[in-house]
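Engineer: Protein chains in written order, with my numbering: chain A, 69 to 485; chain B, 69 to 485; chain C, 69 to 485.
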Amino acid sequence: MEQVLELSYALDTFYFLVSGALVMWMAAGFAMLEAGLVRSKNTAEILTKNVTLFAIACVMYMLMGYNLMYPGDPVSPWWPGFGGILGSADNDAASVLAGGDDAPYYSGLSDFFFQVVFVATSMSIVSGAVAERMRLWAFLLFAVIFTSFVYPLQGYWKWGGGALDAAGFLDFAGSGVVHMCGGAAALAGVLLLGPRKGKYGADGRINPIPGANMPLATLGTFILWMGWFGFNGGSELMISNVDEANAVSLVFVNTNMAAAGGVVAAMITARLLFGKTDLTMVLNGALAGLVAITAEPLTPAPLQASLIGAVGGVLVVFSIIFLDKMKIDDPVGAISVHGVVGIWGLIAVTFTNGDATLGAQLMGMGVIFAWTFLASLAVWFVIKLIMGLRVSPEEEYEGVDISECGLEAYPEFTGKS
Amino acid sequence: MEQVLELSYALDTFYFLVSGALVMWMAAGFAMLEAGLVRSKNTAEILTKNVTLFAIACVMYMLMGYNLMYPGDPVSPWWPGFGGILGSADNDAASVLAGGDDAPYYSGLSDFFFQVVFVATSMSIVSGAVAERMRLWAFLLFAVIFTSFVYPLQGYWKWGGGALDAAGFLDFAGSGVVHMCGGAAALAGVLLLGPRKGKYGADGRINPIPGANMPLATLGTFILWMGWFGFNGGSELMISNVDEANAVSLVFVNTNMAAAGGVVAAMITARLLFGKTDLTMVLNGALAGLVAITAEPLTPAPLQASLIGAVGGVLVVFSIIFLDKMKIDDPVGAISVHGVVGIWGLIAVTFTNGDATLGAQLMGMGVIFAWTFLASLAVWFVIKLIMGLRVSPEEEYEGVDISECGLEAYPEFTGKS
Amino acid sequence: MEQVLELSYALDTFYFLVSGALVMWMAAGFAMLEAGLVRSKNTAEILTKNVTLFAIACVMYMLMGYNLMYPGDPVSPWWPGFGGILGSADNDAASVLAGGDDAPYYSGLSDFFFQVVFVATSMSIVSGAVAERMRLWAFLLFAVIFTSFVYPLQGYWKWGGGALDAAGFLDFAGSGVVHMCGGAAALAGVLLLGPRKGKYGADGRINPIPGANMPLATLGTFILWMGWFGFNGGSELMISNVDEANAVSLVFVNTNMAAAGGVVAAMITARLLFGKTDLTMVLNGALAGLVAITAEPLTPAPLQASLIGAVGGVLVVFSIIFLDKMKIDDPVGAISVHGVVGIWGLIAVTFTNGDATLGAQLMGMGVIFAWTFLASLAVWFVIKLIMGLRVSPEEEYEGVDISECGLEAYPEFTGKS
């Protein structure tokens, strides 16, 4: 019997670690997606941002974020209190073997590993929206604050057992806590930063700025799709019995069906609107489907999941068009994919989960958005005062690769060098 | 004891889900491989095809294909009868805990997840062969029919317990059911579609059309190699005891050794034939080794597996040369890799598996080929009547990226834009 | 009880197989990293090397290396004796169910699968350092000897239970056995081969030769980072109880934190030294962090792991600058990342592992370096005599893609073709 408990602990831990490795892989997905959707002269910089933000997220979450988000003994439902640096202590075997509902059933460090890649995901969402014009170190400074404080605090409200959780707000794997949160931080940055030079003409014309490398963008989307099986599948938090194994399987199937639904819907929408099957919209459709199902991948039937994803896929196309009309310049569509569709995902919970109420969903969404947007706005504003957010017009024209990183992404492929 | 059964169920389910995620990853592999082997002006379109065909495969298999291929109560060995849409029901715990040979030992939805990525794999094979000249929506329409009906019906004959299974035809993970099937559908399309303009000169000259991006093609091959561990390894269908764990391990080792054998053989063959170590042949050698071992990765010893792969690696080089002589224009070599080497894989079963007979293998191969080729030919023909298969000569000259997707894959890298 | 032992065996085997698949994936990481860091005219050749060296490593390790490295009955602590070809035999169920400390607890073939991808990793390290000027088949011949004999022999001394293991030398997952070993073989090759034409000017000037494709190099780094979870995580060799599951989790966390620490340190170092956040240094920082923690990822606390990685990240920047001053031309920085930082990793073991002694670490390091460097030097020298190591100056100027592989990696993207 003890050996069975040990084995069960090992299986759930392994499931966490594999899920976490898949979510870590999403960092590569964001890097490739964003690198494919910007111009070649800004590619090395966005790659640098994606690698360094991941590293910063890991360090800051270890130093402060994790124990803020999951406090042992919170001060209040809105304020967890500062914890401390992550140590190497883990559950002792005796507490596991005691059994019962309170006994730990998987390694605490495997939980940290799973959680740390979530905060990196949320931060990755920001990097694409501010691409091609922000100063690298302004971004990195924001990453420090966001991953150590802004994200963990709202994460505590829901997943750490704080006020939103108590209010009945439901968000299975983070359409709100991760995706809309990242989208809100991105929106705040974009508003302070302004659009890229030449994007919106004086005559009201919107100039398309095509991405330099579509295979990279497609690869990034496939990586994110694959990683999302860890993101949603791991968020069931247990797999070691029949009901949980069935639940994880349903989450995998629904995650996949929602992405597929998003692709089909975006593909048809783009064909009808533009007369062409625009690849970037198809990719955004896949991601929108994934974001949409993330708030509740367990209660829908597979067909419902594909419909929830499909609505996301339609929504993202119109949202991208709308934001461009509003002159909110988001080179990779991150605010639409993660922010707007994240909201849809939170609402869609109410369609299939009987425990969800529209009121609680709207409340949670409003609180997360208000906190993240306002806190991010304040942080971006202070950074702007200290060091400035934006590169000079000359640097922007030459490309931020040269000014920020001192090298080019493709030195032999363009006429520039 | 009950907890042990639950744990065992959870482990086998997790093994299915991980295997399925690896096979899903193969979709990215095909996308990168094909995107690397076509010209830059046709790259965005082939990426679009690879994303959308995966989504279509998932939707159609959920709506119809899965329950056609695995009917609860088949009408006859050749006709399963229509099932229905996949629901979210799964095994209840009681049936699992009853134990015995008939008790389910893994989640039914994890099985769907594993199966759905197989049909997408088979469909991916087609997309490369018809590249650079087919209309996108003609292809998508074919994908709808193929993934909902053509593939599942022959899948039922073998894996669903139909007529080929009863006849003793052996195909462990699908050299025939998945790979040759995809190759046959591709061949039918290519024959109706004709070669790319300029590929075969009036003077009988065969003009090489080099792929635009070798790193992508190599990445795609590595992705496929990795994903194949899920493809073959998961097809053992159980891992939860000593014998099964050993079997899955042997399948992993043999899959890897066959790919390695294919690489070494193709590398030497290309060096002897061309005087150069042609990278595309090396990549095709790896894939040929993988296809060759797929029909039987469990009974060979590792050395035998590498030899079976090596024969595949030699065969694929000569097959590619031969098809070009026949003016069958397959830009990525898919018909050779999956079709011709798939046949070799089915025959090779007889060398190491005492239960296999050459008669049953040839019969199964003939039936799958005849059905898939003729059914596909009919479908392609009807699509040709309705909307035409081929883009206009002007569109083909300009590249299908502009005409079908309205964007370019690499707008800054070529002189075109 | 027997079923529990079987399940435990299955879980540990599955953990090995998943870890092995992740390490196999590192082959793609090296291929992308190296392809991104060389010039476009030498890209197809380095891709060819990476695919073929992996295949050669698998074949030679099956034929000879594995049974040399892990002999059943060694001749002496320094000489294991020749074993034989890997067969398909595995543990029988009875020996597993006997239980006890000597009973096998995972599949022997899963162990081979895990080990074979390690030798390929070590060989991959060499390919980048000798890039852009070595003859392809000279390299392949070296790969045959290295993977069948040079690597396995020193592997036996430590992991096969030979002399270094007996001497108390500690190397958890191979900072020395895999990484420094590969670095030493690379150094020997580079010294005999000489620098690329034009790298070091007659006036003492060091000319930077930028890599052609930064997104590929970044992708490669992310792949290696992900694969390292299998590399270090799998090297715990067991996960099936509470203590082991906790240990594997800590290894995952520390591996990730060391990479993050390496990134942050390299990013700051590059910014201070060059005034720019050089992406290639950031990527090397990540890899240096990973190499540094590989010798001991289990005893440090996460904060310590990030510091060990950070030292690696600083060290790699200075090492790359220093080797360039010494006119040791290593296009991808492999000798610095794997060799120099590998040494740091071996020393760092003594800071957190009470069982380690500086003497044993230095002794092990010296023995591995001396053996690998001298044996490799001899092999490279003989190959130089037989067929020559270096392409002609004309071929080097034109690029080795044309001379060795007969094709170009990017035929449409550069003005060359």
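Virtual Cβ for every residue (Gly too), placed ideally from N, Cα, C.
1) Return the first residue and the last residue of the alpha helix (DSSP H) that Gly192(A) is part of.
2) What three-state label does DSSP hand Glu466(B) in the structure shown?
3) Classify Leu442(A) as buried or exposed, calling it buried when 16 or more other Cβ atoms lie within 10 Å of its own Cβ.
4) Comparing the C-beta of Ser156(B) with each C-beta of chain A, is any distance below 8 angstroms?
5) Does DSSP classify Arg458(B) as helix, strand or coil?
6) My output table needs one value for Ile153(C): the three-state DSSP class, helix, strand or coil.
7) Between the stretch 72-105 of chain C and chain A, which residues of the former have CB atoms less than 9 angstroms from a CB of the latter, in chain order?
8) Do you know how far the Cα of Tyr77(B) is from the Cα of Gly168(B)?
9) Is it buried or exposed for Ser485(A), if we count other Cβ within 10 angstroms and need 16 for buried?
10) Apart from the five residues on each side of it in sequence, which residues of its chain come closer than 7 angstroms, Cβ to Cβ, to Leu75(C)?
11) Any beta-carbon of chain A closer than 8 angstroms to the one on Glu472(B)?
12) From Phe214(C), Arg107(C), Ala206(C), Ala428(C), pick the residue whose C-alpha is nearest to that of Tyr134(C); which is it?
13) Beta-carbon separation of Ile470(C) and Glu464(C) under 8 angstroms?
14) If the cut-off is 7 angstroms on Cβ atoms, which residues from the stretch 198-220 of chain B count as contacting chain A, listed in chain order?
15) Whole angstroms are fine: how far does the CA of Met100(C) sit from the CA of Ser374(A)?
16) Does Ser163(A) pass the burial test, meaning 16 or more other C-beta atoms within 10 Å, or should it be called exposed?
17) Taking 8 angstroms as the threshold (C-beta atoms), are Leu366(B) and Leu318(B) in contact?
18) Identify, in the order they occur along the chain, each residue of the same chain with its Cβ nearer than 7 angstroms to the Cβ of Asp158(B), setting aside the five sequence neighbours on each side.
19) Can you name the start and end residues of the alpha helix (DSSP H) that Phe390(C) belongs to?
20) What's the call for Pro461(A), buried or exposed, on a 16-neighbour Cβ count within 10 Å?
21) Using CA atoms only, rank isn't needed, just tell me which of Ala166(C), Leu260(C), Leu445(C), Tyr129(C) is closest to Tyr224(C).
22) Would a check of beta-carbon distances place Pro148(C) closer than 8 angstroms to chain B?
23) Using a C-beta cutoff of 8 angstroms, does Ala161(A) count as contacting chain B?
24) Residues of chain A with CB closer than 8 angstroms to the CB of Phe437(B), please, in chain order.
25) Counting only beta-carbon atoms, is Val143(A) nearer than 8 angstroms to chain B?
26) Buried or exposed: where does Pro276(A) fall if 16 or more other Cβ atoms within 10 Å of its Cβ makes it buried?
27) Excluding sequence positions up to five away, which residues of its chain have a Cβ less than 7 angstroms from the Cβ of Leu165(C)?
28) Determine, using beta-carbon pairs with one atom in the stretch 277-295 of chain B and one in the stretch 350-359 of chain B, whether at least three such pairs fall under 8 angstroms.
29) At 8 angstroms on the CB atoms, spell out the chain A contacts of Val127(B), in chain order.
30) Taking just the CA atoms, how far does Ala334(A) sit from Thr493(B)?
31) Under a three-way DSSP split, which group does Met69(A) fall into?
32) From Phe481(B) to Glu102(B), what does the alpha carbon distance come to, in whole angstroms?
33) Apart from the five residues just before and just after Val212(A), which ones in its own chain have a Cβ nearer than 8 angstroms to its Cβ?
34) Which runs of the beta strand (DSSP E) at least 3 residues long sit entirely within the stretch 270-306 of chain B? Give them in chain order.
35) What residue ranges within the stretch 74-151 of chain B form continuous alpha helix (DSSP H) runs of no fewer than 4 residues, ordered along the chain?
Structural biologist: The relevant details are as follows:
1) Note that residue 192(A) is Ser in the sequence shown, not Gly. Counting along the chain, the alpha helix (DSSP H) containing Ser192(A) begins and ends at 176-197.
2) In the three-state reduction of the DSSP assignment, Glu466(B) falls in the helix class.
3) Of the other Cβ atoms in all chains shown, fewer than 16 fall within 10 Å of the Cβ of Leu442(A); this residue is therefore exposed.
4) Yes, Ser156(B) lies at the interface with chain A (some Cβ there is under 8 angstroms from its Cβ).
5) In the structure shown, Arg458(B) sits in a strand (DSSP, three-state: E or B).
6) Residue state, collapsed to three classes: coil.
7) Listed by position, the residues of the stretch 72-105 of chain C near chain A (Cβ gap below 9 angstroms) are Val72, Leu73, Leu75, Ser76, Leu79, Asp80, Phe82, Tyr83, Val86, Leu90.
8) Their Cα atoms are separated by approximately 13 angstroms.
9) Confidence at Ser485(A) is low in this model, with a pLDDT of 39, below 50, so the placement of that residue should be treated as unreliable; the coordinate-derived value is given next. Around the beta-carbon of Ser485(A), fewer than 16 other beta-carbon atoms lie within 10 Å, marking it exposed.
10) The answer is none, since no qualifying residue turns up.
11) Taking Cβ atoms only, chain A reaches closer than 8 angstroms to Glu472(B), which makes this a yes.
12) Comparing Cα positions, the closest option is Phe214(C).
13) Taking 8 angstroms as the Cβ cut-off, Ile470(C) and Glu464(C) do not qualify as a contacting pair.
14) For the stretch 198-220 of chain B, which is checked against every Cβ of chain A, the residues closer than 7 angstroms are Leu204.
15) Rounded to the nearest whole angstrom, the C-alpha separation of Ser374(A) and Met100(C) is 35 angstroms.
16) That one is exposed.
17) Yes.
18) Ser175, Gly176, Leu177.
19) Counting along the chain, the unbroken alpha helix (DSSP H) around Phe390(C) starts and ends at 370-393.
20) Counting Cβ neighbours within 10 Å, Pro461(A) comes out exposed, since fewer than 16 surround it.
21) Taking each of Ala166(C), Leu260(C), Leu445(C), Tyr129(C) in turn and checking the Cα distance to Tyr224(C), the smallest one comes out for Tyr129(C).
22) For Pro148(C), the answer is no, since every Cβ of chain B falls outside 8 angstroms of its Cβ.
23) By the rule that beta-carbons nearer than 8 angstroms mark a contact, Ala161(A) does not touch chain B.
24) Those do not exist, as Phe437(B) stays about 29 angstroms from chain A at its closest Cβ, beyond 8 angstroms.
25) No, Val143(A) lies away from the interface with chain B (no Cβ there is under 8 angstroms from its Cβ).
26) By the neighbour-count definition (other C-beta atoms within 10 Å, threshold 16), Pro276(A) is an exposed residue.
27) Result list for Leu165(C): Glu70, Leu73, in chain order.
28) Two segments are said to touch when three or more pairs of C-beta atoms, one from each, lie closer than 8 angstroms; by this definition the stretch 277-295 of chain B touches the stretch 350-359 of chain B.
29) Residues of chain A passing the Cβ test: Met325, Ala328, Gly329, Val332, Ser374.
30) Here chain B comprises residues numbered 69 to 485, so residue 493(B) is not present and cannot be evaluated.
31) Correct three-state label for Met69(A): coil.
32) Answer to the nearest angstrom: the Cα atoms are 19 angstroms apart.
33) Spatial neighbours of Val212(A) in its own chain (CB-CB distance under 8 angstroms, excluding positions within 5 residues in sequence) are listed in chain order as Ile124, Met128.
34) Runs found: none.
35) Segments of the alpha helix (DSSP H) lying fully in the stretch 74-151 of chain B: 111-128, 134-137.
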